[in-house]
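As you go down the protein sequences, you meet chains A and B in turn. Residues in the first sequence are numbered consecutively from 135, following our numbering. Residues in the second sequence are numbered consecutively from 135, following our numbering. Here a beta-carbon is modelled for each residue, glycine too, at the ideal position from N, C-alpha and C. Here the structure is a predicted model, which is why all the values come from computation and not from measurement.
There are 2 protein chains.
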Amino acid sequence: MTAPLHEARSTATGRALPDTQQGMRRRNLARVMHAVSAEGSLSRAAVASRIGLTRAAVSTLVDELIRWGLLEELGPERPSRVGRPGSALAVSGRGPAGIGAEVGVDHLAVCAVDLRGEVRARAERHGTNRGRDPRPVVGELTTLVRQVVTEAELEGLWPAGLAVAVPGLVARDGRTVAHAPNLDWHDTDLGVLLPAGLPLTVDNEANFGALAELWLGDATPRDFLHVSAEIGIGAAVVVDGQLLRGKRGFAGELGHVPVRPDGPRCACGGRGCLEQYAGEEAVLRAAGLESREDAVGLLARRAGEDHAGVRRALYDAGTALGIALTGAVNLLDPESVVLGGALSGLAPWLLPALEAELSDRTTGPVCPVSVSRLGPEGPLLGAAHSVVRAVLDDPATVAERV
Amino acid sequence: MTAPLHEARSTATGRALPDTQQGMRRRNLARVMHAVSAEGSLSRAAVASRIGLTRAAVSTLVDELIRWGLLEELGPERPSRVGRPGSALAVSGRGPAGIGAEVGVDHLAVCAVDLRGEVRARAERHGTNRGRDPRPVVGELTTLVRQVVTEAELEGLWPAGLAVAVPGLVARDGRTVAHAPNLDWHDTDLGVLLPAGLPLTVDNEANFGALAELWLGDATPRDFLHVSAEIGIGAAVVVDGQLLRGKRGFAGELGHVPVRPDGPRCACGGRGCLEQYAGEEAVLRAAGLESREDAVGLLARRAGEDHAGVRRALYDAGTALGIALTGAVNLLDPESVVLGGALSGLAPWLLPALEAELSDRTTGPVCPVSVSRLGPEGPLLGAAHSVVRAVLDDPATVAERV
DNA sequence: ACTATTTCGTCATGGCCGTTTACAAATTAG
DNA sequence: CTAATTTGTAAACGGCCATGACGAAATAGT
Chain A
135 MTAPLHEARS
145 TATGRALPDT
155 QQGMRRRNLA
165 RVMHAVSAEG
175 SLSRAAVASR
185 IGLTRAAVST
195 LVDELIRWGL
205 LEELGPERPS
215 RVGRPGSALA
225 VSGRGPAGIG
235 AEVGVDHLAV
245 CAVDLRGEVR
255 ARAERHGTNR
265 GRDPRPVVGE
275 LTTLVRQVVT
285 EAELEGLWPA
295 GLAVAVPGLV
305 ARDGRTVAHA
315 PNLDWHDTDL
325 GVLLPAGLPL
335 TVDNEANFGA
345 LAELWLGDAT
355 PRDFLHVSAE
365 IGIGAAVVVD
375 GQLLRGKRGF
385 AGELGHVPVR
395 PDGPRCACGG
405 RGCLEQYAGE
415 EAVLRAAGLE
425 SREDAVGLLA
435 RRAGEDHAGV
445 RRALYDAGTA
455 LGIALTGAVN
465 LLDPESVVLG
475 GALSGLAPWL
485 LPALEAELSD
495 RTTGPVCPVS
505 VSRLGPEGPL
515 LGAAHSVVRA
525 VLDDPATVAE
535 RV
Chain B
135 MTAPLHEARS
145 TATGRALPDT
155 QQGMRRRNLA
165 RVMHAVSAEG
175 SLSRAAVASR
185 IGLTRAAVST
195 LVDELIRWGL
205 LEELGPERPS
215 RVGRPGSALA
225 VSGRGPAGIG
235 AEVGVDHLAV
245 CAVDLRGEVR
255 ARAERHGTNR
265 GRDPRPVVGE
275 LTTLVRQVVT
285 EAELEGLWPA
295 GLAVAVPGLV
305 ARDGRTVAHA
315 PNLDWHDTDL
325 GVLLPAGLPL
335 TVDNEANFGA
345 LAELWLGDAT
355 PRDFLHVSAE
365 IGIGAAVVVD
375 GQLLRGKRGF
385 AGELGHVPVR
395 PDGPRCACGG
405 RGCLEQYAGE
415 EAVLRAAGLE
425 SREDAVGLLA
435 RRAGEDHAGV
445 RRALYDAGTA
455 LGIALTGAVN
465 LLDPESVVLG
475 GALSGLAPWL
485 LPALEAELSD
495 RTTGPVCPVS
505 VSRLGPEGPL
515 LGAAHSVVRA
525 VLDDPATVAE
535 RV
């Protein structure tokens, strides 16, 4: 079932557009941008036939988008068919840029992505942030943001917004970090700490990772389950190209799905949660290793060296993941499951058991499990791209800034 | 995150509307219908302020809707505030009607619902359909449909479509029953067996039950999980007022979520699926009862009589349901869980254990569990209403039929 | 009782926007 | 070199909602 006809369509920012001629125009501007963006380069006539408007209408839309600096004319296409060749249009490489930032447990990173989706500037700083006061950390992040912004501006870009990925739960206001256990940040409003003037969005890094997979993945479908392990084990549910957030924004808590209902007690109050078997701590303990900084890298190395205990621990973790995912797949019938974040590095040793459980426990064709190509870059790229998508989704918002 | 701006909006029938003035007009017609329908009776001015158009624009929209027989003028409102009283508009009780039908294991039922949502005609036939050939069964259903249609026509209604609820999986074409184990129907195309001329939709009865809950429930939110047990145990996931169907249309298979991963083998290939503990068969066995026709009624009676074995069996089923729902709630963060279908009758004995598991295993405020008020009527009403909703969602479709 | 005020529904006007139609430009096919 | 085809633009057209004005129908105040 598709969206009801009567509901006001919304922009990516959540603002409803009135169903009036201006709203129609704005939607058509967006459709032109998306058509060109998807194809890389397209003539006006091609856009028209693709989005179902006439060439004349598309011409006026394109004129406006060029005036705003969102599209540019590349000149005549190489003629392939008979008839006058079209004039190629492309998304501008000098217009607005999305600034993405990531607060990791042991690093900070910022990048700028242009409307074409290319990374045009980058800066990062290594060093742990665990337990540090938010103010100096965000101060350092601000420095990196400024660096990236000036670098991007030298290339003719202007920042359209800032999106920050954090390892924790974010309040529905999209600015406040409600709970980031690995940083020990609680109820921290990043809006007052980051440079003003840029529209700001803060979200969980797993969510941005899933969106990156959706937007940048090789052949990622519009309905999938993205599983990542950074803080605990999180899943992002993507339905029809949209992130499912849940009532309180807590959807995707795969880590506390019961796997063995009579298993050991969990901090959440339950018993035998997935995290008890596949969480970082649990796997390290099962493998007989100490808890330390780059635990995932260590596990991957040891597993590569055929360390029996580590292999065994990862196999068991894969089994537990498979059981939890069986439930999720039964409930959601997604087109695929994608392993991202830290899990992508451990996938070779997790997958065998995981897929065995999944195929044993489900009938019919098994839901395919793939590994994210983006790996640890996902959240940062997803954050930057979320700003870019907002511009593509409603180009008229930049009109006033030009 | 809300729907991207650039995507073509769709009608409830899945047909995309071009983003043009005609599409805009159609959407505004729908918004007027929904506004009046939601409030029962509304003046033009009230509609205008509610949907954000001007009185003048609403006037022309209303004129058209009245001409099509979808709205009617009730005359001047009782004046409450100062100023000229408005003329009350109401959804017509003599326009199109939605015909809903239900193929149950031991009954057939058909009803007609008008645009106001009232049941205006009804017919049913009792007697088991288990294992019968589809042709005579659908023949009898056709007779009932004709009865209901003529009865509705006597009241000035005309049938706008037929929606059929079946206890089984339905192919994505919306016409073919892929697999109905309790009827023993497989790959049965109902389109060729039912009266032609009426737009036909076939869907799973659990899905229609969930939609009924969404549309008719007392205070049902737009994000909830509807659990029902008719064939096996099914859940319908409703996200943002939309049914989540999944890639193959199999979403909601709660019955095969692993509850005890090392439990007894299940027909699905897995072990310890929910159905092994809370399925009809399993509960009867645990209670020491024979399998028979009205098993749910029997269980409810015995439980009411304080039969210890039955109580125990239902308590354990509630525990298993609670474990499975913990996983689902963690994954989806719904606003509530609704127990419908056969489960609603057994709720008093299931709920204690179910809620205990849920509150023990989740942190923060517990996801509220409620019991469907509609009970076994849900699927039939949901089917009929789905036709009505399609008209409200795109009133222009009836223009040609008037 | 009478007037001022408020609100409702409608009409005429105007502006916005996509479509239709026509045409010049640019290329291939023959 | 001509006919056919396709592209992009311009002008006229038609649909749709907004604006502003007006009569109608009620209340509030004197």
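C-beta neighbour in chain B for residue i, strict 8 Å
i, result
"A385/A", "yes"
"I200/A", "no"
"T367/A", "Looking at the sequence shown, residue 367/A is not Thr but Ile. No, because no Cβ of chain B sits closer than 8 Å to the Cβ of I367/A."
"L378/A", "yes"
"V512/A", "According to the sequence displayed, residue 512/A carries Gly and not Val. So, not an interface residue."
"P138/A", "Residue confidence for P138/A is low, a pLDDT of 41 falling below 50, so the modelled location carries little weight; the figure read from the coordinates is stated next. Yes, because at least one Cβ of chain B sits closer than 8 Å to the Cβ of P138/A."
"C245/A", "no"
"M135/A", "The pLDDT assigned to M135/A is 37, lower than 50, so where the model puts this residue is not dependable; a value taken from the coordinates is nonetheless given after this. Answer yes: the Cβ-Cβ gap between M135/A and chain B drops below 8 Å somewhere."
"P315/A", "no"
"L448/A", "no"
"L515/A", "no"
"I469/A", "It should be pointed out that residue 469/A corresponds to Glu in this sequence rather than to Ile. Cβ-Cβ to chain B under 8 Å: yes for E469/A."
"R382/A", "yes"
"D321/A", "no"
"P219/A", "no"
"P395/A", "yes"
Proximity winner among the options, relative to residue i (alpha-carbon distances)
i, options, result
"L303/B", "G295/B, A314/B, G217/B, G366/B", "A314/B"
"A476/B", "S425/B, I367/B, A524/B", "I367/B"
"F384/B", "V463/A, N338/A, D450/A", "V463/A"
"E491/B", "V505/B, A518/B, G452/B", "G452/B"
"L348/A", "R507/A, L187/A, Y449/A, D528/A", "R507/A"
"G375/B", "R215/B, L195/B, E207/B, S520/B", "S520/B"
"T322/B", "D337/B, A434/B, L332/B", "D337/B"
"T194/A", "V170/A, L163/A, A257/A, E211/A", "L163/A"
Same chain, Cβ closer than 8 Å to residue i, neighbours up to 5 away in sequence not counted
i, result
"L328/A", "V272, L275, T276, V279, L296, V298, L334"
"E427/A", "D240, T262"
"R445/B", "A437, W483"
"R160/A", "L151, D528, P529, A530"
Nonlocal neighbours in the same chain, by C-beta distance under 6 Å from residue i, ignoring five residues either side
i, result
"E555/B", "As displayed, chain B neither begins before 135 nor continues past 536, which places residue 555/B out of reach and without an answer."
"E414/B", "A429"
"D502/A", "Reading off the sequence, residue 502/A comes out as Pro, not Asp. Around P502/A: S470."
"S493/A", "V500"
Residue i at chain A interface by Cβ criterion, 8 Å
i, result
"T531/B", "no"
"I233/B", "no"
"G474/B", "no"
"L466/B", "yes"
"H360/B", "no"
"A462/B", "yes"
"H519/B", "no"
"T194/B", "no"
"P392/B", "yes"
"V300/B", "no"
Anticipated Cβ contact below 8 Å, residue i with residue j, distance rounded
i, j, result
"A340/A", "S362/A", "5 Å"
"C245/A", "G238/A", "Actually they do not touch by this definition, with Cβ atoms about 13 Å apart."
"M167/B", "L515/B", "Wrong, their Cβ atoms sit about 20 Å apart, outside the cutoff."
"T213/A", "K381/B", "A small correction: the amino acid at residue 213/A is Pro; Thr does not occupy that position in the sequence shown. Their Cβ separation, rounded to whole angstroms, is 41 Å, which puts P213/A and K381/B out of contact at 8 Å."
Own chain residues within Cβ distance below 7 Å of residue i, not counting five before or after
i, result
"N316/B", "V239, R264, P301, I365"
"T147/B", "Only weak support exists for where T147/B lies, its pLDDT of 30 falling under 50; the value from the coordinates is given anyway. If we look at T147/B and ignore the five residues flanking it on each side, its Cβ neighbours are A524."
"V371/A", "L359, L378, A385, G386, L466"
"G397/B", "R405, G406, Q410"
"T136/A", "Since pLDDT at T136/A reaches only 36, below the 50 mark, its modelled position is unreliable, and the value read off the structure follows with that caveat. No residues qualify anywhere along the chain."
"R394/A", "G406"
"R189/B", "R178, A179, A182"
"A412/A", "I367, A451, A454, L455"
Open item on the list: I'd like the ranges of any beta strand (DSSP E) spanning at least 3 consecutive residues and lying wholly in the segment 337 to 396 of chain A.
Closed with: Fully contained in the segment 337 to 396 of chain A are the following beta strand (DSSP E) runs of length 3 or more, in chain order: 358 to 363, 368 to 373, 376 to 378.
TODO: Could you tell me which uninterrupted alpha helix (DSSP H) segments, each at least 4 residues in length, are contained entirely in the segment 470 to 530 of chain B, listed from first to last along the chain?
DONE: Whole alpha helix (DSSP H) segments, 4+ residues: 476 to 495, 512 to 527.
- [ ] Let me know the beta strand (DSSP E) ranges lying completely inside the segment 159 to 215 of chain A, each 3 residues or longer, listed in chain order.
- [x] Here the runs fully enclosed are 205 to 210.
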